[in-house]
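Asker: From first to last, the protein sequence lines stand for chains A and B.
The numbering of the first sequence is our numbering, which starts it at 41 and goes up by one.
The numbering of the second sequence is our numbering, which starts it at 41 and goes up by one.
Even glycine gets a Cβ: it sits at the ideal position worked out from N, Cα and C.
One structure, as structure tokens, below. Some questions next.
There are 2 protein chains.
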Amino acid sequence: MVVSKGLQSCHSTWCFFHLVFKAMNSDSEKSQLIKPVEKKCHTNPVVSCSACRLSDLCLPIALNGDEINQLDQIVQRGRPLEKGDHLYRESDKFTAVYAVRSGSFKTYAVSDEGVEQVAGFYLPGEIVGLDGISSQFHCSSAIALERASVCEIPFDRLEDLSIQLPSLQHHFFRIMGKEITKDQQMLTLLSSNSAEERVAALLVSFSTRNHIRHMSATHFRLTMSRADIGNYLGITVETVSRTISKLQNQSILVVNNKDIEIIDLVGLKKIAKVRSV
Amino acid sequence: MVVSKGLQSCHSTWCFFHLVFKAMNSDSEKSQLIKPVEKKCHTNPVVSCSACRLSDLCLPIALNGDEINQLDQIVQRGRPLEKGDHLYRESDKFTAVYAVRSGSFKTYAVSDEGVEQVAGFYLPGEIVGLDGISSQFHCSSAIALERASVCEIPFDRLEDLSIQLPSLQHHFFRIMGKEITKDQQMLTLLSSNSAEERVAALLVSFSTRNHIRHMSATHFRLTMSRADIGNYLGITVETVSRTISKLQNQSILVVNNKDIEIIDLVGLKKIAKVRSV
DNA sequence: CGCCATGTTGACTGACGTCAAGGAAAGTGG
DNA sequence: CCACTTTCCTTGACGTCAGTCAACATGGCG
Numbered sequence: 041m042v043v044s045k046g047l048q049s050c051h052s053t054w055c056f057f058h059l060v061f062k063a064m065n066s067d068s069e070k071s072q073l074i075k076p077v078e079k080k081c082h083t084n085p086v087v088s089c090s091a092c093r094l095s096d097l098c099l100p101i102a103l104n105g106d107e108i109n110q111l112d113q114i115v116q117r118g119r120p121l122e123k124g125d126h127l128y129r130e131s132d133k134f135t136a137v138y139a140v141r142s143g144s145f146k147t148y149a150v151s152d153e154g155v156e157q158v159a160g161f162y163l164p165g166e167i168v169g170l171d172g173i174s175s176q177f178h179c180s181s182a183i184a185l186e187r188a189s190v191c192e193i194p195f196d197r198l199e200d201l202s203i204q205l206p207s208l209q210h211h212f213f214r215i216m217g218k219e220i221t222k223d224q225q226m227l228t229l230l231s232s233n234s235a236e237e238r239v240a241a242l243l244v245s246f247s248t249r250n251h252i253r254h255m256s257a258t259h260f261r262l263t264m265s266r267a268d269i270g271n272y273l274g275i276t277v278e279t280v281s282r283t284i285s286k287l288q289n290q291s292i293l294v295v296n297n298k299d300i301e302i303i304d305l306v307g308l309k310k311i312a313k314v315r316s317v
Numbered sequence: 041m042v043v044s045k046g047l048q049s050c051h052s053t054w055c056f057f058h059l060v061f062k063a064m065n066s067d068s069e070k071s072q073l074i075k076p077v078e079k080k081c082h083t084n085p086v087v088s089c090s091a092c093r094l095s096d097l098c099l100p101i102a103l104n105g106d107e108i109n110q111l112d113q114i115v116q117r118g119r120p121l122e123k124g125d126h127l128y129r130e131s132d133k134f135t136a137v138y139a140v141r142s143g144s145f146k147t148y149a150v151s152d153e154g155v156e157q158v159a160g161f162y163l164p165g166e167i168v169g170l171d172g173i174s175s176q177f178h179c180s181s182a183i184a185l186e187r188a189s190v191c192e193i194p195f196d197r198l199e200d201l202s203i204q205l206p207s208l209q210h211h212f213f214r215i216m217g218k219e220i221t222k223d224q225q226m227l228t229l230l231s232s233n234s235a236e237e238r239v240a241a242l243l244v245s246f247s248t249r250n251h252i253r254h255m256s257a258t259h260f261r262l263t264m265s266r267a268d269i270g271n272y273l274g275i276t277v278e279t280v281s282r283t284i285s286k287l288q289n290q291s292i293l294v295v296n297n298k299d300i301e302i303i304d305l306v307g308l309k310k311i312a313k314v315r316s317v
């Protein structure tokens, strides 16, 4: 276990998808041979699951070529969303959950007074849209922070399959459970940690989540604005900016606008009160 | 809809239980006549479901006498817990979720440094224990704030039944979804509201939840300490105390130690930024 | 009755918010 | 490609809300 406290990674989400994908194709009788494909960039909206770079995260549990081939027929992929496009909006009817394929999203809700509250950030491999399950309507909006694409999983189909496959149901319960424990860790962060600890925890979270996706844990780009970060962490833009500058002065980070390089990851984790084992 | 923002009530949890209870008994072939029973106090640990005061919350959807009668065989009820007893502890194996029958609980986690963080309060009719689903181990402890009793629902049985009953599965997904949206509303509260707004929101939350249970929305007892409240809301004991005194000076509350009387519920909701419709 | 946990209130402090100014980056139109 | 505007980011000065420390009150429990 890498992270004991602080923001939690969404590692297990993909385990869920093996099951979905496998299940959605298990009734197929066709058995055609497919040859190995060179892995293409997953940002390509037309790339098949079999050729997707994320497939080793997404499909490690026995899923045969035929099943993968069928996959593309079932998971719905639209054209990519541009920066600023909404995946869904608050009070839209809930119809599906989405796996982020490429790019990143933020979810947010707007209060009666018109004040925005950022609820979360979602990176490739993570599931967005669970907020609509309870009431059948989304209670937050999801917006692309950059050019992005998703795999759409219609929720009624998912429920049908879960009836057929106990292990899929079990897995989706766990995914939702994970969202609950993640939120509760976030509650702890907000209710007892300083501005510096919050910013550090968020950076460690991005680092960990990048690492899981086989990307650099120490060098990445923040796709969201300082305002979004502050809003999410319950602090002001100015405090975010000052905190990041402070971390840079301590030689923990090198920052160039949205480009972040973590020089001292151990030190950062110490500040974030995250323990690596 | 009564509450648009702020802490959310757990109203729908009971709707779930009709289904569980109905399902758990639907295979029964016995059909014995039972006579109507006078509703007894639900704090009585040996009282049957048919005689439980909460039954009109718990079982409004067609559940016949026979089914109710069978119910007692399946839902596990232990002896009541005393104040300070643990329902489960952090890192216990997860085996069941619990419906609070009487009394109240708090859940909390302890950080590496030994600092306690209160994660929630649970009143009769609410479900506690969902935090263990994702990892099969509880990541928080649940402790009785007063003499209390619960109905224990073994989770593996619940999963089995959910396979048989699509509507049960659907409902449990919704319950978990509700927990997620509740936590996200709490995140908003912690990240953008003042101490006064937080305390007001918590009091409104208790008021609403009491009202659902057909108890007074304006006069109740806080079973948790000021320290617990402060910890939960991310403020200190002193601030909680000062805030409550301030609300009393404004003639919004009359407070006598743990006994709270809300004089101006509309005013309190205004402070809490909760809109009643 | 006395002890210890819990709650209240006051004085002081400090972390973070607010206000303000200036600069860098990104989008826009010619 | 370059002006132009707009948005975003950074930094400084100052104010304030809530934390800290301390003293005392209250109440539950042995």
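What in chain B is Cβ-close to ASP268 of chain A, meaning under 7 Å?
Answerer: Residues of chain B passing the Cβ test: none, with the nearest at roughly 12 Å.
Asker: Taking ASP223 of chain B as the query, report the chain A residues whose CB atoms sit under 7 Å from its CB, ordered along the chain.
Answerer: Within 7 Å Cβ-Cβ: ILE220, ASP223, GLN224, LEU227.
Asker: As a quick exercise: from A:SER174, A:VAL158, A:PHE177, pick the residue whose alpha carbon is nearest that of LEU185 of chain A.
Answerer: LEU185 of chain A has its Cα closest to that of A:VAL158, out of A:SER174, A:VAL158, A:PHE177.
Asker: What residues match up with TYR138 of chain B in a beta bridge as DSSP calls it?
Answerer: In the DSSP output, where bridge partners are listed per residue, TYR138 of chain B has B:VAL168, B:GLU192.
Asker: Quick check: MET216 of chain A and ILE193 of chain B, are their CB atoms within less than 8 Å of each other?
Answerer: Not a contact, by the Cβ cut-off of 8 Å.
Asker: Here's a check: name, in chain order, each residue in its chain whose Cβ is nearer than 8 Å to the Cβ of LEU121 of chain A, leaving out the five neighbours to either side.
Answerer: Within the same chain, LEU121 of chain A has close Cβ partners LEU127, GLY143, ALA184, ARG187, ALA188, SER189, VAL190.
Asker: Contact check, LEU230 of chain A vs GLY274 of chain A under 8 Å by CB: the rounded distance?
Answerer: That pair is a contact at about 5 Å.
Asker: Does DSSP put ARG261 of chain A in a helix, a strand or coil?
Answerer: ARG261 of chain A falls in the strand class under three-state DSSP.
Asker: Across which residues does DSSP place LYS146 of chain A in a beta bridge pair?
Answerer: Its beta-bridge partners are A:PHE161, A:ILE183.
Asker: Under 8 Å between beta-carbons, which chain B residues line up against LEU230 of chain A? List them in chain order, please.
Answerer: Within chain B, the residues near LEU230 of chain A are LEU227, LEU230, SER231, GLY274.
Asker: What did DSSP end up calling LYS133 of chain A once you bin it into helix, strand or coil?
Answerer: In this structure, LYS133 of chain A counts as strand in the three-state DSSP scheme.
Asker: Does the stretch 255-263 of chain B come close enough to the stretch 292-309 of chain B that 3 or more CB-CB pairs lie under 8 Å?
Answerer: Enough Cβ pairs lie closer than 8 Å, so yes.
Asker: For THR268 of chain A, which residues of its own chain have a beta-carbon under 7 Å away from its beta-carbon, when the five flanking residues on both sides are left out?
Answerer: Going by the sequence as given, residue 268 of chain A is Asp instead of Thr. Result list for ASP268 of chain A: LYS146, VAL158, in chain order.
Asker: Looking at chain A, is there any beta carbon in it that lies within less than 8 Å of the beta carbon of SER347 of chain B?
Answerer: For chain B, the structure presents residues 41 to 317; residue 347 of chain B sits outside this window and is missing.
Asker: So, is CYS81 of chain A buried or exposed, given that buried needs 16 or more other C-beta atoms within 10 angstroms?
Answerer: Because the pLDDT at CYS81 of chain A is just 48, under 50, the model does not fix this residue reliably, and the point stays unresolved.
Asker: Just confirm the distance between the C-beta atoms of LEU163 of chain B and VAL137 of chain B, as a whole number of angstroms; I'd bet it's less than 8 Å.
Answerer: No, LEU163 of chain B and VAL137 of chain B are not in contact; Cβ-Cβ is about 16 Å, not under 8 Å.
Asker: Report the residue from B:ARG266, B:VAL277, B:HIS251, B:ILE173 whose alpha carbon sits nearest the alpha carbon of SER131 of chain B.
Answerer: Of the candidates B:ARG266, B:VAL277, B:HIS251, B:ILE173, the one whose C-alpha sits nearest the C-alpha of SER131 of chain B is B:ILE173.
Asker: In chain order, what residues of the same chain lie with their CB nearer than 6 Å to the CB of VAL277 of chain B, ignoring the 5 residues before and after it?
Answerer: Excluding positions up to five away in sequence, the list reads ARG266, ALA267, GLY270.
Asker: Report buried or exposed for PHE61 of chain A, applying the criterion of at least 16 other Cβ atoms within 10 angstroms of its Cβ.
Answerer: Any reading at PHE61 of chain A needs caution, since the residue's pLDDT is 48, under 50, leaving its predicted position unreliable; the model's value is listed next. It counts as buried.
Asker: Can you tell me whether VAL155 of chain A is buried or exposed, with buried defined as 16 or more other CB within 10 angstroms of its CB?
Answerer: Exposed.
Asker: Quick check on SER202 of chain A: buried or exposed, where buried means 16 or more other Cβ atoms within 10 Å of its Cβ?
Answerer: It is buried - the Cβ of SER202 of chain A has at least 16 other Cβ atoms within 10 Å.
Asker: GLN116 of chain B by DSSP, collapsed to three states: which one?
Answerer: Here GLN116 of chain B sits in strand by DSSP.
Asker: Could you tell me the alpha carbon to alpha carbon distance between GLY160 of chain B and GLU237 of chain B, rounded to whole angstroms?
Answerer: For GLY160 of chain B and GLU237 of chain B, the distance between alpha carbons rounds to 17 Å.
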